[in-house]
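**Student:**
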Amino acid sequence: MKILAIESSFDETAVAIVEDGTQVISSTLSSSAQLHRKFGGVLPELAARKQVEFILPIVKETIEKAFVEESKSTSILQLIEEHIDAIAVTVGPGLIGSLLVGVEAAKTTALVTHKPIIPINHVHAHIYANFIDTISFTDHLSEIFPAIALVVSGGHTELFYMENEKSLKWLAGTIDDAAGEAFDKTARLLGFENRGGIAIEEAATNYRDTNSFKIRLPRPLLHNDTFNFSFSGLKTAVIREWKKYSSEQQNTLKEQQIIFAHEIQETITDVLVAKTLNAAIQFNAQSILISGGVAANQCLRDKFLTIIEKSDHSFLKFYAPKKELCTDNAISIGSAAYFLGKQEDWHTITATPNLPVETSTNL
Ligand code: KG4
Ligand code: ZN
């Protein structure tokens, strides 16, 4: 089954064709992220305008790349009619202006090509990036599920229980800031402007454990019985330690940034790994699947592998998507539509900025 998937929830415009939820036939992505840099955050109005500009050329390019020869003599709509089985689209959560562009493009395409349409929750879809190339379902299905899935992105930190590849049950999430948000806010405090988690990871790789002055940030809710997360206190703790460090130490700014980046990364990853592992143990999971932008973090990946290996649960398998599929893309939307999605009449599909993620699907 070939699904044409559209993602436009934030500042990325992405379109992909995915076969049977696991194979990428064609994929195109354009981002307005660069344009927002000078404003210190994404401007919704600008993001929506860029979505409008990008959406049709990107749909066209994705179809042309998939059917190179035929596209010379056949129209785009005809190619969709002949080769595509369904259209999937992110309906939320996200920015209303951005979402509307993808949703309306998907509805119009479905209407004129007589295809079914599958609405997708962006946060749930992140998990399915794991199903592309890295997990071969036909070979490993019975070894993977039940699984615990952790979604860690700029706006979300959520834990789900997956009885099988087609079901999701929300367990818990952050009670304040998301993990990616914590990386982004503390990165700004360290002077890394808008480069967020990537800048922290880069700086932390230069860390050498030679400095006698140790900083220690709190690990919120680490020993709490729930699976909830809390990252909003991290910013205040970083400000406090930064002042103390600056007054007591003579290091260069770069050295100071490295020391703080290392401890911030350790703090966030310690909490994510411990909570997710506890959930996996409590729910007798066979594996842990991580996804979302923060899942690109190598320290997080390594820590999961080390802690699982050292634990009494070393049988647990660990999966993370290819790094480029951790951040927003349409491939995950196409995969989620295949495994999780339900076709709906196009009249009922609407962009829903506050679409809840705390839901159960197919249970
Ligand atoms: O999934 P994503 O692209 O967008 C959302 O759906 O929110 O995630 C973006 C988030 C940002 O907060 C960014 O700082 C974080 O993912 N991120 C990282 C890394 N790469 C991206 N955080 C830590 N380490 C990374 N390598
Ligand atoms: Zn996302």
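For the sequence shown, position 2 matches number -4 in our numbering, and the numbering has no gaps at all.
Glycine is no exception: its CB is placed at the ideal position from the N, C-alpha and C atoms.
1. Distance check for valine 85 and glutamate 39, CA to CA, integer angstroms please.
2. How would you write the range of the beta strand (DSSP E) that phenylalanine 312 sits in, first residue to last?
3. Kindly indicate the opening and closing residues of the alpha helix (DSSP H) around glutamate 55.
4. Could you round the C-beta distance between lysine 109 and alanine 80 to whole angstroms and report it? I think they count as a contact, below 8 Å.
5. Please report the straight-line C-alpha distance between isoleucine 192 and threonine 199, rounded to a whole angstrom.
6. What residues are listed by DSSP as bridge partners for threonine 84?
7. DSSP three-state call for tyrosine 155: helix, strand or coil?
8. Going by beta-carbon coordinates alone, are valine 317 and serine 281 separated by less than 8 Å?
9. If you draw a straight line from the alpha carbon of threonine 358 to that of leucine 215, how long is it in whole angstroms?
10. Does DSSP classify glutamine 243 as helix, strand or coil?
11. Using alpha carbons as the reference points, say which of Glu6, Glu76 and Ala231 lies closest to phenylalanine 61.
12. Report the residue from Asn115, Ile74 and Phe125 whose alpha carbon sits nearest the alpha carbon of leucine 105.
13. Would you grab the beta carbon distance between isoleucine 327 and glutamate 1 for me? Rounded to a whole angstrom, and I think it's under 8 Å.
14. What is the residue span of the alpha helix (DSSP H) that alanine 104 lies within?
15. Below 7 Å, is the gap between the Cβ of aspartate 322 and the nearest heavy atom of the ligand ZN?
16. Should lysine 44 go down as buried or exposed, given a rule of 16 or more other Cβ atoms within 10 Å for buried?
17. On the CB-based measure, 16 or more other CB atoms within 10 Å of its CB, does serine 136 come out buried or exposed?
18. Is the beta carbon of threonine 270 closer than 8 Å to that of leucine 153?
19. Can you tell me whether histidine 120 sits near the ligand KG4, meaning its C-beta is under 7 Å from at least one heavy atom of the ligand?
20. Hey, would you say the C-beta of glycine 167 is under 7 Å away from at least one heavy atom of the ligand ZN?
21. Exposed or buried, which one is isoleucine 233 when buried takes at least 16 other CB atoms within 10 Å?
22. For a test of your reading of the model: does the CB of glycine 286 fall under 7 Å from any non-hydrogen atom of the ligand ZN? Yes or no.
23. Would you report the Cα separation of glycine 227 and asparagine 188, rounded to the nearest angstrom?
24. Nearest to valine 117 by CA position, among Ala331, Thr342 and Gln337, is which residue?
25. For glutamate 303, name the three-state secondary structure that DSSP assigns.
26. Going straight from the alpha carbon of glutamine 388 to that of glutamate 47, what length do you get?
27. Does the beta-carbon of glycine 148, which I'm using as the reference point, lie nearer than 7 Å to any heavy atom of the ligand KG4?
**Tutor:** Taking the structure as given:
1. 18 Å
2. Phenylalanine 312: member of the beta strand (DSSP E) spanning 311 to 313, first to last residue.
3. 38 to 60
4. 6 Å between Cβ atoms; contact.
5. 11 Å
6. Ile114
7. strand
8. At residue 317 the sequence reads lysine, which differs from the valine that was named. No, they are not a contact pair.
9. Because the chain spans -5 through 357 in this model, residue 358 falls outside it and cannot be assessed.
10. coil
11. Of the candidates Glu6, Glu76 and Ala231, the residue whose Cα lies closest to the Cα of phenylalanine 61 is Glu76.
12. Minimum Cα-Cα distance from leucine 105 among the listed residues Asn115, Ile74 and Phe125 corresponds to Ile74.
13. 5 Å
14. 90 to 107
15. Checking every heavy atom of the ligand ZN against the Cβ of aspartate 322, one is found closer than 7 Å.
16. With 16 or more other Cβ atoms from the protein chains shown falling within 10 Å of its own Cβ, lysine 44 counts as buried.
17. exposed
18. yes
19. yes
20. no
21. exposed
22. yes
23. 20 Å
24. Ala331
25. In the structure shown, glutamate 303 adopts helical secondary structure according to DSSP, grouped into three states.
26. Here the chain covers residues -5 to 357 and nothing more, so residue 388 does not appear.
27. yes
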